[in-house]
Amino acid sequence: MHRRITDKLVIATHNPGKLAEMKELLAPYGIEAVSAGELGLGEPDETGNDFRSNAAIKAIAAAKAAKLPSFADDSGIVVDALDGAPGIFSARWAGPTKDFNVAMARIERLLQERGSTTPDRRRAHFVSALCVAWPDDHLEEVQARVDGTLVWPPRGTAGFGYDPMFLPDGHSRTFGEMESIEKHGLPPLGLGLSHRARAFVKLAEICLEPR
Ligand code: IMP
Numbered sequence: 006m007h008r009r010i011t012d013k014l015v016i017a018t019h020n021p022g023k024l025a026e027m028k029e030l031l032a033p034y035g036i037e038a039v040s041a042g043e044l045g046l047g048e049p050d051e052t053g054n055d056f057r058s059n060a061a062i063k064a065i066a067a068a069k070a071a072k073l074p075s076f077a078d079d080s081g082i083v084v085d086a087l088d089g090a091p092g093i094f095s096a097r098w099a100g101p102t103k104d105f106n107v108a109m110a111r112i113e114r115l116l117q118e119r120g121s122t123t124p125d126r127r128r129a130h131f132v133s134a135l136c137v138a139w140p141d142d143h144l145e146e147v148q149a150r151v152d153g154t155l156v157w158p159p160r161g162t163a164g165f166g167y168d169p170m171f172l173p174d175g176h177s178r179t180f181g182e183m184e185s186i187e188k189h190g191l192p193p194l195g196l197g198l199s200h201r202a203r204a205f206v207k208l209a210e211i212c213l214e215p216r
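The opening position of the sequence shown corresponds to residue 6 in this note's numbering, with each subsequent residue numbered one higher.
Here's what the structure looks like:
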């Protein structure tokens with residue numbers, strides 16, 4: 006049986022960008038969102054070997070510490086020609102300075118080394134895994150992806166991370182060239198295009214009720 010989220014929810018992230026996005030997504034449901042940072046909760050090590058388990062590790066740690074239902078996400082980009090890299094290490098590829106120009110250049114160098122120069126050899130997808138954990142160990146988990154190809158040089162200055170080199174299927178602009186509402190917006194305002202928007206729609210179906 007799926008369980009609904011009522012009232013208060015801890016957002017298990019210390020990333021201000023993610024927190025703002027999640028609060029925005031939850032607002033129409035009348036959920037009071039409080040962040041793990043605001044509650045002074047620590048950050049667990051992401052020791053899982055897939056997106057789903059890393060989201061669960063973060064949500065469970067926050068639920069136990071705060072004694073409240075807690076919501077976490079884990080995401081990244083999976084490049085087919087690189088055997089799925091950087092995958093769960095997407096954030097780490099940007100190094101301590103979080104420089105995604107470096108991370109994108111690394112992907113491009115590896116693709117060139119493999120002769121991946123045509124669009125069909127440059128397939129990639131973003132993945133978003135979402136988990137809500139309750140203090141009594143109940144979990145709700147969803148995952149979604151958006152498929153596309155990688156372009157070089159990167160295009161656009163919107164978004165973050167790997168957005169400027171990701172061209173979603175069926176579109177002529179990269180995520181870096183799209184307005185936030187186009188990339189992340191949920192229907193009816195947006196297309197629910199991004200991996201996170203798609204995962205959130207799935208979560209809303211099972212755990213949330215519009216107010
Ligand atoms: P984590 O979920 O905090 O472990 O980090 C996910 C990493 O994947 C981010 O730091 C980005 O590099 C990358 N990523 C996830 N979602 C997106 C996206 O929508 N656009 C661009 N990069 C993303």
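All C-beta atoms in this analysis are idealised placements derived from N, C-alpha and C, irrespective of residue type, glycine included.
Simplified DSSP assignment, three categories, for residue i
i	result
phenylalanine 165	coil
isoleucine 16	strand
aspartate 125	helix
alanine 10	With the sequence shown as reference, residue 10 is identified as isoleucine, and alanine is not the correct amino acid for it. Coil, per DSSP.
glutamate 187	helix
alanine 149	strand
glutamate 26	helix
leucine 3	One cannot answer for residue 3 here, as it falls past the ends of the chain, which runs 6 to 216.
leucine 172	strand
leucine 196	coil
The alpha helix (DSSP H) enclosing residue i, as first and last residue numbers
i	result
valine 206	200–212
alanine 70	56–71
Sequence-distant residues of its chain with Cβ nearer than 8 Å to residue i (five each side left out)
i	result
serine 194	The amino acid at residue 194 is misidentified as serine; the sequence shows leucine. So the qualifying residues of the chain are Ile186.
alanine 5	What the structure shows of the chain is the stretch from 6 to 216, and residue 5 is not part of that stretch, so it cannot be assessed.
histidine 19	Ser40, Ala41, Gly42, Glu48
glutamate 37	Asp12, Lys13, Leu14
Length of the line joining the Cα atoms of residue i and residue j
i	j	result
threonine 123	valine 107	22 Å
proline 215	methionine 27	15 Å
glycine 47	asparagine 59	15 Å
lysine 13	asparagine 54	30 Å
aspartate 142	valine 15	15 Å
serine 121	alanine 129	12 Å
phenylalanine 94	aspartate 79	11 Å
arginine 178	proline 49	36 Å
leucine 208	proline 74	14 Å
glycine 89	alanine 204	20 Å
glycine 175	glutamine 117	24 Å
Residue i: first and last residue of the uninterrupted beta strand (DSSP E) it sits in
i	result
histidine 130	128–138
phenylalanine 105	Premise fails: phenylalanine 105 lies in the alpha helix (DSSP H), 105–118, not in any beta strand (DSSP E).
serine 95	Run containing serine 95: none; DSSP gives neither H nor E here.
serine 75	75–84
serine 40	37–40
Identity of the residue in the options nearest residue i by Cα
i	options	result
proline 159	Ala149, Asp152, Leu172, Gly153	Leu172
tyrosine 167	Arg111, Gly45, Ser177, Leu135	Arg111
valine 83	Thr18, Lys69, Met109	Met109
alanine 96	Gly42, Phe131, Val147	Phe131
aspartate 152	Ala138, Trp139, Arg57, Met170	Met170
leucine 191	Leu30, Ala71, Glu118, Cys136	Leu30
leucine 44	Phe56, Ala67, Ile62	Ala67
leucine 135	Lys72, His200, Val156, Arg9	His200
Own chain partners of residue i with C-beta closer than 7 Å, once the 5 adjacent residues on each side are dropped
i	result
histidine 7	Glu145, Ile211, Cys212
arginine 126	Ala86
isoleucine 65	Ala138
alanine 70	Leu46
Same chain, Cβ closer than 6 Å to residue i, neighbours up to 5 away in sequence not counted
i	result
serine 40	Ile16, Leu24
phenylalanine 105	Ala99, Gly166
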